[in-house]
Amino acid sequence: MSKVALVTGGGVRLGRAIALGLARAGFDVLVHANKSTAAAAGVASEIERIGQRAEVLVADLADLGALDALVTAVRAKAPKLALLVNNAGIYEHVKFEDVARAQLGQMLAVNLMAPFFLTQGVLPCLRAAGDACVVNITDMAVDKPYGPAQHMSHYLTAKAGLAALTRAWATELAPSVRVNAVAPGPVAVSADTTPEDRERLWRTVPLGREGSPDDVARAVVFFATGAPYVTGQTLRVDGGLSAC
């Protein structure tokens, strides 16, 4: 029987690559989505073509009632959950002085509180699986901001909290559950980034090029399948940018 993974935000961008990468590694996948339900259904179809089972679970992670319903569904469908990938997230660029309380609240709700309570809710399933794993998707910019014009202080506040939870959970949930994080750098640059800005960014990256969502997926698969003695660690997938 295949192991089961839950990937939040699994329909698009990084989540899509992670879900497909896990399927290729032999996992059945519960693909969570909020608004991107059609995309998530497409990912589920691709997973089934790979030869693994998949199902789409829909929930607005900012809604605690919907989050509780998601937990109930996961407990029913995967009483032994081998892997939880807390990938779903939102971000925006807003100058610090212009961040409204509601904007900070939304960032914390989706990027920090949802992973907290989802992990708490499915913890019995993770423990039942034996040697289960949680992988949190954080951000390289938590430790090395891209620059003064990134205007993402409220987003990075939430991601920094998730990075701290990675270390806290690693000690508290051991030995039955390992917890690590993947911190992407420039792996999926926004489509509205100008060619000039892209070129400027690549000149700062030691590897001199953009990464891809598949690079992040490979890091998640590594933690899930190839690192049984690793917990509490963050792997930066950033082309060496954080080393500069």
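Residue numbering for the sequence shown follows numbering that gives the first Met the number 0, beginning at 0 and increasing consecutively.
Glycine included, every Cβ here is placed at the ideal spot set by N, Cα and C.
Given residue i as reference, the closest of the options once Cα atoms are compared
{"i": "Thr203", "options": "Ser241, Ala216, Leu56", "result": "Ser241"}
{"i": "Leu155", "options": "Phe222, Val11, Ala58, Gln102", "result": "Gln102"}
{"i": "Gly184", "options": "Ala163, Leu164, Arg199, Pro212", "result": "Pro212"}
{"i": "Ile49", "options": "Leu69, Phe26, Leu60", "result": "Phe26"}
{"i": "Thr233", "options": "Ala43, Tyr90, Asp138, Trp201", "result": "Asp138"}
{"i": "Trp201", "options": "Val178, Leu122, Pro114, Gly239", "result": "Gly239"}
{"i": "Arg126", "options": "Gln51, Leu80, Ser44, Ala157", "result": "Leu80"}
{"i": "Asp196", "options": "Phe222, Tyr145, Ala159", "result": "Tyr145"}
{"i": "Gly9", "options": "Arg100, Ile46, Thr165, Glu171", "result": "Ile46"}
{"i": "Ile136", "options": "Pro114, Gln119, Val121, Lys143", "result": "Pro114"}
{"i": "Ala159", "options": "Thr118, Leu172, Met112", "result": "Met112"}
{"i": "Leu107", "options": "Ala157, Ala169, Ala75, Leu122", "result": "Ala157"}
{"i": "Thr118", "options": "Ala167, Gly104, Ala38, Arg23", "result": "Ala167"}
{"i": "Val121", "options": "Gly104, Asp142, Ala75", "result": "Ala75"}
Residues that residue i bridges to, as DSSP identifies them
{"i": "Leu80", "result": "The partner list for Leu80 (beta bridge, DSSP) is empty, contrary to what the question assumes."}
{"i": "Val28", "result": "Ala4, Ala53"}
{"i": "Cys132", "result": "Leu82, Arg177"}
{"i": "Arg235", "result": "Ala182"}
Classification of residue i by the beta-carbon crowding that lies within 10 angstroms, buried from 16 upward
{"i": "Tyr228", "result": "exposed"}
{"i": "Leu206", "result": "exposed"}
{"i": "Ser175", "result": "exposed"}
{"i": "Gly210", "result": "buried"}
{"i": "His92", "result": "exposed"}
{"i": "Phe95", "result": "exposed"}
{"i": "Arg250", "result": "For the chain, the structure presents residues 0 to 243; residue 250 sits outside this window and is missing."}
{"i": "Asp237", "result": "buried"}
{"i": "Gly129", "result": "exposed"}
{"i": "Gln51", "result": "buried"}
{"i": "Arg100", "result": "exposed"}
{"i": "Arg15", "result": "buried"}
{"i": "Ala173", "result": "exposed"}
{"i": "Arg23", "result": "exposed"}
{"i": "Arg177", "result": "buried"}
{"i": "Thr165", "result": "buried"}
Beta-carbon separation (whole angstroms), residue i vs residue j, contact threshold 8 Å
{"i": "Val134", "j": "Val84", "result": "5 Å"}
{"i": "Ala4", "j": "Leu21", "result": "5 Å"}
{"i": "Val28", "j": "Ala53", "result": "5 Å"}
{"i": "Leu63", "j": "Asn33", "result": "Their Cβ separation, rounded to whole angstroms, is 14 Å, which puts Leu63 and Asn33 out of contact at 8 Å."}
{"i": "Leu82", "j": "Cys124", "result": "The Cβ separation is near 11 Å, so there is no contact."}
{"i": "Arg217", "j": "Ala182", "result": "So it is not a contact: roughly 14 Å between Cβ atoms."}
{"i": "Asn179", "j": "Gly225", "result": "So it is not a contact: roughly 12 Å between Cβ atoms."}
{"i": "Ser44", "j": "Val98", "result": "The pair is not a contact, with the Cβ atoms about 39 Å apart (cut-off 8 Å)."}
8 Å Cβ cutoff met for residue i and residue j
{"i": "Thr7", "j": "Asn110", "result": "no"}
{"i": "Leu13", "j": "Ala187", "result": "yes"}
{"i": "Thr36", "j": "Val11", "result": "no"}
{"i": "Val219", "j": "Ile17", "result": "yes"}
{"i": "Leu66", "j": "Phe116", "result": "yes"}
{"i": "Val55", "j": "Ala40", "result": "yes"}
{"i": "Gln149", "j": "Ala163", "result": "no"}
Test: residue i CB closer than 8 Å to a CB of chain B
{"i": "Pro114", "result": "The structure shown has no chain B; it contains just one protein chain."}
Proximity test, residue i beta-carbon vs the ligand GDP heavy atom, cut-off 7 Å
{"i": "Ala61", "result": "The ligand content of the structure shown is nil, which means the ligand GDP is not present either."}
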